[in-house]
Amino acid sequence: MLQDLSHMDRITQLQDAIQQLLTIMSNTIAYLTSRSNFVQVSSEIPITKQRNPEKFDPPDVFEANQKELVNDLIVKAKQIEYLINSLPEPEPEEEQAKRLEVLEEEMQVANAEYIRAVNRAKDLHAQISDVLKMMLEKTDEDLADPDTATHLEQALDQIRP
């Protein structure tokens with residue numbers, strides 16, 4: 152079980168690292184598209200628009216930032232690769248099938264115990280219901296008996312002030 156928790160922890164770390172990688176990629180694309188100047192890529196297509204100089208970084212700053220972003224991507228990708236390599240090998244199908252068979256047997260035993268417990272509870276409920284009905288019928292018979300009614304009235308007279 153402890154080993155399973157460790158594997159789940161690695162999976163969670165992997166999930167977090169992938170999310171961080173996607174964030175880095177998104178921020179990189181946002182930076183590259185917003186802080187670069189327009190460059191003519193073909194002599195046949197002229198540049199029709201220029202960015203304001205405050206809106207883009209100078210070439211040396213832009214290149215340094217590009218290298219830093221690439222380095223961040225590489226570091227995060229290596230972390231992800233390490234986490235993937237630290238995950239356990241998948242369990243062979245035969246072992247999975249055996250484990251599932253054992254679990255199936257345990258589940259059938261547990262279901263049988265549950266059914267027995269429910270039936271026992273139903274039996275006990277029926278017994279208690281029968282006892283209560285018998286007690287109520289006995290009380291009704293006692294109240295219908297004139298001697299019991301007289302004794303009851305005398306007892307009440309003694310209690311009354």
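Numbering-wise (our numbering), the sequence shown opens with residue 152 and increments by one.
All C-beta atoms, glycine included, are put in the ideal place defined by N, C-alpha and C.
Quick one: residues in its chain with C-beta nearer than 8 angstroms to the C-beta of residue i, no 5 flanking neighbours on either side, listed in chain order?
i	result
isoleucine 231	Leu165, Ala168, Ile169, Leu172
valine 241	Here the sequence assigns proline to residue 241, which means valine is not the residue at that position. Answer for proline 241: no residue qualifies.
phenylalanine 189	Ile198, Lys200, Gln201, Arg202
aspartate 281	none
isoleucine 175	Leu220, Asp223, Leu224, Lys227
leucine 238	His158, Arg161, Ile162, Leu165
If you run the structure through DSSP and keep just helix, strand and coil, what is residue i?
i	result
leucine 153	Unreliable placement is indicated for leucine 153, whose pLDDT of 37 sits below 50; the coordinate value is still reported in the next sentence. Helix.
isoleucine 175	helix
phenylalanine 207	coil
serine 187	coil
glutamate 252	helix
glutamate 242	coil
lysine 229	helix
arginine 137	Residue 137 is absent from the model: the chain starts at 152 and stops at 312.
alanine 215	helix
arginine 202	coil
Using DSSP's beta-bridge definition, name the partner residues of residue i.
i	result
serine 193	Ile196
Any beta carbon from chain D within less than 8 angstroms of residue i's own beta carbon?
i	result
isoleucine 162	The structure shown contains no chain D; it holds only a single protein chain.
Quick one: residues in its chain with C-beta nearer than 7 angstroms to the C-beta of residue i, no 5 flanking neighbours on either side, listed in chain order?
i	result
asparagine 216	Tyr182, Asp208
With 16 as the cutoff for other CB atoms within 10 Å, does residue i come out buried or exposed?
i	result
methionine 152	In this prediction, methionine 152 has a pLDDT of 33, which is less than 50 and means its spatial position is unreliable; nothing more can be read from the coordinates.
ask   = So, do the region 207 to 221 and the region 178 to 187 have three or more beta carbon pairs nearer to each other than 8 angstroms?
value = yes
query = Do the region 195 to 215 and the region 259 to 266 touch if we need at least three Cβ pairs shorter than 8 angstroms?
reply = no
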